[in-house]
Amino acid sequence: MPELAEVEYFRRQWNAGLGGRVREVALHSRKRVFRGTNTRELIRCLTGARLLGSIARGKRMLFRFSSANATPAQSWLGIHLGMTGRLQCAAVEFRPGKHDHLVLYQRDRALVFQDARQFGRIQFDHGETPPLWWDEATPEVSRMTRGFFDTFLARHARPPIKAVLLMQSGFSGIGNWMADEILWRAKVAPHKQTGELTSSERARTFRATRFVARESLRIIGADDSDLPRTWLIHERWSARGKCPKHGMVLRRTTIGGRTTAWCATCQSSRAKPRDPVEVA
Ligand SMILES: [Zn+2]
Numbered sequence: 007m008p009e010l011a012e013v014e015y016f017r018r019q020w021n022a023g024l025g026g027r028v029r030e031v032a033l034h035s036r037k038r039v040f041r042g043t044n045t046r047e048l049i050r051c052l053t054g055a056r057l058l059g060s061i062a063r064g065k066r067m068l069f070r071f072s073s074a075n076a077t078p079a080q081s082w083l084g085i086h087l088g089m090t091g092r093l094q095c096a097a098v099e100f101r102p103g104k105h106d107h108l109v110l111y112q113r114d115r116a117l118v119f120q121d122a123r124q125f126g127r128i129q130f131d132h133g134e135t136p137p138l139w140w141d142e143a144t145p146e147v148s149r150m151t152r153g154f155f156d157t158f159l160a161r162h163a164r165p166p167i168k169a170v171l172l173m174q175s176g177f178s179g180i181g182n183w184m185a186d187e188i189l190w191r192a193k194v195a196p197h198k199q200t201g202e203l204t205s206s207e208r209a210r211t212f213r214a215t216r217f218v219a220r221e222s223l224r225i226i227g228a229d230d231s232d233l234p235r236t237w238l239i240h241e242r243w244s245a246r247g248k249c250p251k252h253g254m255v256l257r258r259t260t261i262g263g264r265t266t267a268w269c270a271t272c273q274s275s276r277a278k279p280r281d282p283v284e285v286a
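Residue numbers (our numbering): 7 to 286.
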């Protein structure tokens with residue numbers, strides 16, 4: 007599942023089309039990715055519109071267009087990648103395959119949204135301001151303040167810290183590997199109840215959260231290159247993965263329904279992990 011850095015990477019794939027006009031829209035209107043979306047209106051407003059800009063927030067993206075055939079004059083295309091969604095920029099001769107649910111043809115290129123499993127979603131609206139479904143309330147994790155972080159943790163004191171880091175209402179775009187990376191860097195046991203974190207554990211978790219979000223946005227978000235070999239991510243996928251610090255085989259626990267990889271030495275805690283740990 008794409009996490010915020012992968013989302014940023016895919017958002018940039020359409021940058022080649024910035025300023026360009028959409029000549030033709032091709033879409034699969036009956037597909038699940040368009041649930042609740044008026045695809046006729048989407049085609050009417052985006053045909054002839056220019057791509058003006060885009061932003062990513064957590065796992066979602068919002069593309070802003072001028073609107074050639076509608077008043078008010080701005081259109082908004084929201085894209086959630088779900089599990090398998092991807093954006094690419096293809097040659098203008100591109101012919102959509104069965105998983106290419108939306109293609110915006112410009113003069114020199116085709117902007118493509120592909121989603122094989124269709125857990126992703128495309129939303130559309132037009133208006134002067136971003137649509138109501140675009141949530142501005144949740145901060146970008148890379149710019150999160152200590153105040154927001156502390157308040158959010160205090161409000162979710164019962165679940166284990168790993169489960170809280172996966173809550174999208176606070177940590178928008180943080181998924182399973184990023185949450186594991188954060189806690190490993192912060193030296194905090196993932197199963198520890200959030201309200202039981204010491205003040206220095208909270209401080210380390212806050213710093214690690216911003217660091218992992220910023221670095222992965224900078225590195226993966228820019229060009230899909232690999233994170234440094236010193237990161238946990240390279241070890242966490244394999245059952246024999248080892249802690250990059252001292253080579254201990256990583257432990258695995260299910261927390262909040264997700265497999266968590268962690269180092270029992272780096273992330274020691276007096277609280278013994280229950281297996282699996284349920285979210286309260
Ligand atoms: Zn370790």
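Idealized CB from N, CA, C, for every residue including glycine. The structure displayed is predicted, hence computed values, not measured ones.
1) Please indicate yes or no: does the CB of residue 271 lie closer than 7 Å to some heavy atom of ligand 1?
2) Could you name the residues that DSSP lists as bridge partners for residue 24?
3) Could you check where the alpha helix (DSSP H) with residue 225 kicks off and where it finishes?
4) Beta-carbon within less than 6 Å of residue 130's beta-carbon, same chain only, minus the 5 sequence neighbours each way: which residues are those?
5) For ligand 3, is there a heavy atom less than 7 Å away from the beta-carbon of residue 104?
6) Is it the case that the CB of residue 249 approaches a heavy atom of ligand 1 more closely than 7 Å?
7) Compare the beta carbon distance of residue 58 and residue 148 with 8 Å and say whether it is the shorter of the two.
8) Any idea what DSSP makes of residue 148, helix, strand or coil?
9) Give the single residue among 243, 164, 27 and 213 whose Cα lies nearest to the Cα of residue 114.
10) Per DSSP, which one or two residues make a beta bridge with residue 91?
11) Is the CB-CB distance between residue 13 and residue 89 below 8 Å?
12) Are residue 170 and residue 191 touching if we call contact CB-CB under 8 Å?
13) Please list the terminal residues of the continuous alpha helix (DSSP H) segment that includes residue 74.
14) Per DSSP, residue 255 is paired with what?
15) If you follow the beta strand (DSSP E) that residue 40 is part of, which residue opens it and which one closes it?
16) Go through its chain and collect everything with a Cβ distance to residue 53's Cβ below 8 Å, but skip five positions before and after it.
17) Could you tell me which of 163, 173 and 140 sits nearest to residue 204, measuring between CA atoms?
Let me lay it out:
1) Position 265 of the sequence shown, counting from 1, holds the residue named residue 271. Yes; taking the cut-off as 7 Å, the Cβ of residue 271 has a heavy atom of ligand 1 nearer than that.
2) Walking along the sequence shown from the start, residue 24 turns up at place 18. Residue 24 is not bridged to any residue.
3) Taking the sequence shown and counting its residues from 1, the one referred to as residue 225 is at position 219. 205-229 is the span of the alpha helix (DSSP H), which, as asked, contains residue 225.
4) Stepping through the sequence shown from its first residue, residue 130 is reached at position 124. Hits under 6 Å: 43, 48 and 83.
5) Among the ligands in the structure shown, ligand 3 does not appear; only ligand 1 can be found there.
6) Along the sequence shown, one-based indexing puts residue 249 at 243. True, at least one ligand heavy atom lies under 7 Å from that Cβ.
7) As a first step, residue 58 must be located in the sequence shown, where it is residue number 52. As a first step, residue 148 must be located in the sequence shown, where it is residue number 142. Cβ distance not < 8 Å, so residue 58 and residue 148 don't count as in contact.
8) Within the sequence shown, numbered from 1, the residue matching residue 148 stands at position 142. In the structure shown, residue 148 sits in a helix (DSSP, three-state: H, G or I).
9) For the purposes of this step, residue 114 is taken as residue 108 along the sequence shown, with counting starting at 1. Nearest option by C-alpha distance: 27.
10) As a working note, residue 91 is residue 85 in the sequence shown. Answer is 121, bridged to residue 91.
11) Sequence index remark: in the sequence shown, residue 13 carries index 7 (1-based). Sequence index remark: in the sequence shown, residue 89 carries index 83 (1-based). Not a contact, by the Cβ cut-off of 8 Å.
12) As a working mapping, residue 170 is identified with position 164 in the sequence shown. As a working mapping, residue 191 is identified with position 185 in the sequence shown. No, Cβ-Cβ distance for residue 170 and residue 191 is not below 8 Å.
13) Working through the sequence shown from its first residue, we reach residue 74 at position 68. Looking at the DSSP string, residue 74 is not in any alpha helix (DSSP H), and its letter there is neither H nor E.
14) By one-based count along the sequence shown, residue 255 stands at place 249. According to DSSP, which records beta bridges pairwise, residue 255 is partnered with 248.
15) Position 34 of the sequence shown holds residue 40. Premise fails: residue 40 is in no beta strand (DSSP E) and is neither H nor E.
16) Position 47 of the sequence shown, counting from 1, holds the residue named residue 53. Correct list, in chain order: 28, 29, 30, 31, 74 and 75.
17) Counted from its first residue, the sequence shown places residue 204 at position 198. Closest option to residue 204, Cα to Cα, is 163.
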